[in-house]
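K.L.:
Just dropping this structure here.
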Amino acid sequence: MIENEKQPVVLQVLPEMNHGGVEMGTVEIASGLQAAGIKNFVASAGGRMVYDLNKIKVQHFELPLKTKNPLKWIINAHRLKKIIKENGINIVHARSRAPAWSAYWAAKKAKVQFLTTFHGTYGRGFLGLKKIYNRIMIKGKLVIAISTHIRNHLQKYYKVDDKKIRLIHRCVNTDNFSPEKVSQERIVRAIQENHLPEDKPIVSLIGRITRWKGQHLFIEALSKLKSKDFYCLIVGSDQGRVHYTNELKSMVKKYNLDAKVQFIDHSFDIPALLMLSDVVLSTAIEPEAFGRAAIEGQAMGKIVIASNIGGSLDNTIDSVTGKLFENNNSQSLADAIDWALNLPANEREKISKAAIKNIKDNFTKQIMCDKTIAVYQELMKK
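For reference, each letter of the sequence shown is one residue, going 639 to 1020 in our numbering.
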């Protein structure tokens, strides 16, 4: 950092600190700022990931920031302004819409910089009326887009000038997602706990059980596979979407796949399950804002198959680090899985190495943090 240049002091603001992509990104940035000697804070309604902030000695302020009540936004804005003043904060970084309203007002009153990260496309509602609510996310002096898909969305629907947008991809934590980090003991435990076969290639789809993630498309594709020697894992919580889970299980029965498909509603060791997998899928039928599943699979050196829409176009290189299939096309997905299952060993090794290199070159936590710190420093110059 340039001598005598004013140091950023950052407050990240989000609804809560329970598990999710926004929360993970918040902790990753907080950790990167700490490592760079940059003072930083987080404000949210709390949650289990506050523990992760405590571990890296980043102070968390608990406020009811999950609320969508405009009157409470005003109260939260006053509280945030007080926190800003008392801690010498000069950049407020909002990561979600509802708390962004409070954060924006607080930053404006405190006369400090306001920055946002656009994490998703967000619903635009009837006749696009919800865009009024969403527009708070383009009020930042600069706006971080997490993929080319999101950058294009900002330009198309919100007419944001490209000069205001900073493209910073999400990352994978290679301290956790790396082949050499997963011990043989963890692999054995994952096999035993989930009763996995050791004589069949494993195809995994990991993520929330929800229709737009495309688990139904996956099961339909399995019924069309030419390859018959496989075992499949559908890993993730349905978060109360029981009707969809039951629909998926009915499809498994309908296609006589009971012996080939296993549902795991949660796992405490995703890296170990990925190490056991031969093929890792990302089957979203709607564009992913970024798609961590694809980069986590690549980080583990696995063959990744992803929809040819959204963030996958940024993170998966077709026929180099994996395969892109035609969105919402079960036959195209089946063909891609067949391709992956029948790859010669030397081709599989080549793709595995290319996938790991792709992550190390483009999607590490250090790269994401360095780019974000550069944006903070840019704001301080402004």
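Note that beta-carbon positions come from the ideal geometry of N, C-alpha and C, so glycine has one too. Here the structure is a predicted model, which is why all the values come from computation and not from measurement.
According to DSSP, is F856 part of a helix, a strand, or is it coil?
P.N.:
It is helical.
K.L.:
Just confirm the distance between the C-beta atoms of Y796 and I776, as a whole number of angstroms; I'd bet it's less than 8 Å.
P.N.:
With a Cβ gap of about 5 Å, Y796 and I776 count as contacting.
K.L.:
Can you tell me the Cβ-Cβ gap for L1017 and K779, rounded? I've got them flagged as a contact below 8 Å.
P.N.:
Indeed, because the Cβ distance is near 6 Å, the residues count as touching under 8 Å.
K.L.:
Report the CB separation of N1000 from H807 in whole angstroms; it is logged as a contact under 8 Å.
P.N.:
Correct: roughly 7 Å between the Cβ atoms.
K.L.:
Could you give the DSSP three-state label for E836: helix, strand or coil?
P.N.:
The answer is coil: DSSP assigns E836 none of H, G, I, E or B.
K.L.:
Count the other C-beta atoms from every protein chain shown that fall within 10 angstroms of the C-beta of F764, then say buried if there are 16 or more, exposed otherwise.
P.N.:
By the neighbour-count rule (16 or more Cβ atoms within 10 Å), F764 is not buried but exposed.
K.L.:
Counting C-beta neighbours from all protein chains within 10 Å, is the total for G675 16 or more, i.e. buried, or is it exposed?
P.N.:
Exposed.
K.L.:
Alpha carbons only, please: which of S669, G948, A932 is nearest the one belonging to K693?
P.N.:
Cα-wise, what sits closest to K693 is S669.
K.L.:
At what residues does the beta strand (DSSP E) containing R717 begin and finish?
P.N.:
First-last for R717: 708-725, but that is the alpha helix (DSSP H), not the beta strand (DSSP E).
K.L.:
Quick check: the region 738-748 against the region 701-720, are at least 3 beta-carbon pairs closer than 8 Å?
P.N.:
Counting Cβ pairs under 8 Å, three or more are found: they touch.
K.L.:
Would R824 and A931 qualify as a contact pair, given that the criterion is a beta-carbon distance under 8 Å?
P.N.:
Not a contact, by the Cβ cut-off of 8 Å.
K.L.:
Using C-beta distances below 6 Å, list every residue in its chain close to T959, excluding the 5 sequence neighbours before and after it, in chain order.
P.N.:
The residues are Q936, A992, A993, N996.
K.L.:
Does C809 come out as helix, strand or coil in the three-state DSSP assignment?
P.N.:
Coil.
K.L.:
Excluding sequence positions up to five away, which residues of its chain have a Cβ less than 6 Å from the Cβ of D903?
P.N.:
The answer, listed in chain order, is S875.
K.L.:
Of all the options I923, T1002, G949, T1010, which has the alpha carbon lying nearest to the alpha carbon of S970?
P.N.:
Comparing Cα positions, the closest option is I923.
K.L.:
Classify I943 as helix, strand or coil using the three-state DSSP reduction.
P.N.:
In the structure shown, I943 sits in a strand (DSSP, three-state: E or B).
K.L.:
According to DSSP, what are the bridge partners of Q697?
P.N.:
BP columns for Q697 point to F679.
K.L.:
Tell me where the alpha helix (DSSP H) around S888 begins and ends.
P.N.:
Looking at the DSSP string, the run of the alpha helix (DSSP H) that includes S888 is 880-892.
K.L.:
Just the C-alpha distance for N980 and K851, rounded to the nearest angstrom, thanks.
P.N.:
Their Cα atoms are separated by approximately 25 Å.
K.L.:
Check whether the region 940-955 touches the region 818-838, counting contact only when three or more Cβ pairs, one atom from each stretch, lie closer than 8 Å.
P.N.:
No, they do not touch.
K.L.:
Would you list the residues sitting across from V1013 in a DSSP beta bridge?
P.N.:
DSSP, once it has assigned bridges, lists no residue as partnering V1013.
K.L.:
Quick check: the Cα distance between S785 and L671, rounded to an integer number of angstroms?
P.N.:
Taking the straight line joining both Cα atoms gives about 22 Å.
K.L.:
A681 and V647 - do their beta-carbons sit closer together than 8 Å?
P.N.:
Cβ distance not < 8 Å, so V647 and A681 don't count as in contact.
K.L.:
Quick one: what's V873 bridged to in DSSP?
P.N.:
BP columns for V873 point to I844, I902.
K.L.:
Put A922 into one of helix, strand or coil per three-state DSSP.
P.N.:
It is coil, neither helix nor strand.
K.L.:
Within 10 angstroms of its Cβ, does R733 collect 16 or more other Cβ (buried), or is it exposed?
P.N.:
By the neighbour-count rule (16 or more Cβ atoms within 10 Å), R733 is buried.
K.L.:
Using the Cα positions of E654 and V688, report the straight-line distance between them to the nearest angstrom.
P.N.:
Rounded to the nearest angstrom, the two C-alpha atoms are 9 Å apart.
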